[in-house]
Amino acid sequence: MQHFTVLEGDQSIPLNYKKYGSGKPLIVLHGLFGSHNNWANICMQLAQVYSVYALDLRNHGDSPHSAKFDLECMAGDLNAFMIRMGIVKAIVLGHSMGGKVAMTFAQTHPEKVSKLIVVDIAPRSYREGQRSLVEALVDLDLSTCSRQQDVHKALAPAIPSIEVRYFLLTNLVRDEQRNFTWKINLKTISASLEKILRGISPTHIFRKPTLFLKGEHSDFITSADLAMINKLFPLSDVKTVKGAGHWVHIDETETLVQMVSEFSSTN
């Protein structure tokens with residue numbers, strides 16, 4: 006895990022990242038509540054061909070916390086990261102919230118994106134469906150939990166899915182006093198959720214190859230989204246990942262790697 010250096014006067018966040026392999030650059034952006042670790046398996050496989058940079062977005066993973074949290078500032082963080090790493094152009098892949106950051110970056114810095122891959126998210130706005138997850142984490146008194154299993158049990162009434170609880174608990178760490186705390190910036194995420202879930206700008210069109218990957222059992226991309234996708238990303242293709250829900254990279258890892266590899270290698 007590494008950080009890049011912040012230049013004096015720069016307002017960008019020094020993102021934590023991990024690099025895999027060597028070759029043409031491919032940047033991976035995780036979703037809400039995620040981190041670069043969620044994509045480690047996929048990154049290692051893609052690293053057979055590419056230099057894969059898996060980032061922790063601000064307020065997530067081992068990247069710093071900030072009170073400012075929206076799609077534009079995260080796209081700015083990505084731009085600053087590429088400048089400092091000397092990456093002129095890259096394939097950019099983003100899942101969920103990371104997909105919205107990737108779309109925003111492609112719209113504002115199209116010259117820096119050779120191809121765009123968006124995993125299970127559309128350009129539209131979303132209702133605050135994640136609000137219940139955020140509130141469950143905020144409302145939980147971690148001081149009453151001495152074991153990770155205690156946290157699982159306490160979250161169960163609000164979050165019945167054991168898979169979702171396991172995913173969220175990847176953010177659970179112990180502080181210097183060995184007490185549980187959340188690695189993510191819950192306060193800012195909760196206050197900024199509406200900004201993260203809003204739609205992508207309808208005035209910028211990205212005219213380069215784009216692949217949207219939809220989880221078969223997910224409703225994050227529907228047939229009603231196709232018109233907007235085709236308008237904003239006219240060189241896009243929408244494909245369904247069979248057997249996958251919203252967490253496509255976890256549900257169907259091998260299929261996702263194959264589809265990303267095929268799209269990325271096509272001229």
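Just so we're aligned: the sequence shown equals residues 6 to 272 in our numbering. Ideal Cβ positions, reconstructed from N, Cα and C, are used throughout, including at glycine. As the structure is a computational prediction, the values presented were derived from the model and not from experiment.
Using only alpha-carbon positions, find the residue among the options that is nearest to residue i.
i       : options                            : result
Arg-222 : Phe-110, Lys-247, Gln-153          : A small correction: the amino acid at residue 222 is His; Arg does not occupy that position in the sequence shown. It is Lys-247.
Gly-220 : His-100, Leu-142, Lys-105          : His-100
Gly-103 : Ile-18, Tyr-58, Phe-217, His-35    : His-35
Leu-37  : Glu-116, Phe-217, Phe-172, Gln-153 : Phe-172
Val-93  : Met-233, Ala-45, Lys-29, Asn-46    : Lys-29
Gly-39  : Ala-95, Leu-142, Ser-137, Thr-175  : Thr-175
Ser-166 : Gln-16, Met-90, Leu-138            : Leu-138
Leu-202 : Ser-266, Glu-168, Ser-27, Arg-132  : Arg-132
Glu-199 : Gln-50, Glu-267, Arg-136, Asp-155  : Arg-136
Arg-183 : Gln-153, Met-264, Val-262          : Gln-153
Do residue j and residue i have their beta-carbon atoms positioned less than 8 angstroms apart in this structure?
i       : j       : result
His-70  : Thr-193 : yes
Val-33  : Val-57  : yes
Leu-4   : Val-106 : Residue 4 lies beyond the stretch modelled for the chain, which goes from 6 to 272, so this question has no answer here.
Ile-18  : Asp-67  : no
Leu-218 : Val-143 : no
Val-258 : Asn-46  : Reading the sequence as shown, one finds Thr at residue 258 and not Val. Yes, they are a contact pair.
Ile-226 : Asp-125 : yes
His-65  : Ile-189 : yes
Phe-74  : Ser-197 : yes
Ser-266 : Leu-31  : no
Ala-249 : Asp-256 : yes
Excluding five sequence neighbours on each side, which residues of the same chain lie with their C-beta closer than 7 angstroms to the C-beta of residue i?
i       : result
Gly-204 : Pro-128, Arg-129, Ser-130
Ser-206 : Gln-112
Ser-195 : Val-139, Val-143
Thr-271 : none
Given the structure, does residue i come close to the ligand NAD, in the sense that its CB is under 7 angstroms from one of the ligand's heavy atoms?
i       : result
Ser-270 : Ligands in the displayed structure: none, and consequently the ligand NAD is not present.
Which residues in the same chain have their Cβ closer than 6 angstroms to the Cβ of residue i, if we skip the five residues on either side of it in sequence?
i       : result
Phe-238 : Phe-211, Thr-215
Arg-170 : His-157, Leu-160, Ile-164
Glu-13  : Unreliable positioning characterises Glu-13 in this predicted model, as indicated by a pLDDT of 36, which lies under 50. A coordinate reading is not provided.
Asn-43  : His-35
Consider the Cβ of residue i: report whether some Cβ of chain D lies at a distance smaller than 8 angstroms.
i       : result
Leu-174 : Among the chains of the structure shown, chain D does not appear; only one protein chain is present.
Near residue i, which residues of its chain fall below 8 angstroms by C-beta distance, leaving aside the five closest residues on each side in sequence?
i       : result
Lys-213 : Ala-111, Pro-115, Val-118, Ser-119, Lys-120, Leu-121, Leu-240
His-209 : Gln-112, Thr-113, Leu-237
Ala-80  : Val-106, Thr-109, Phe-110, Thr-113, His-114
Thr-149 : Asp-155, Ala-159
Ala-141 : Leu-160, Ala-163, Ile-164
Pick out the complete alpha helix (DSSP H) segments inside the segment 194-224, 4 residues or longer, and give them in chain order. none
Secondary structure, beta strand (DSSP E): runs of 3+ residues fully inside the segment 103-134: 118-124
Is there contact between the segment 151-160 and the segment 111-127, where contact requires at least three CB pairs shorter than 8 angstroms? no
Does the segment 58-72 come close enough to the segment 19-38 to have 3 or more Cβ pairs within less than 8 angstroms? yes
Whole beta strand (DSSP E) elements within the segment 51-87, 3-residue minimum: Within the segment 51-87, the complete beta strand (DSSP E) runs of at least 3 residues are 55-60.
What are the uninterrupted segments assigned as beta strand (DSSP E) that are 3 or more residues long and contained completely in the segment 129-165, given in chain order? If we require 3 residues or more, the segment 129-165 turns out to have no beta strand (DSSP E) run fully inside it.
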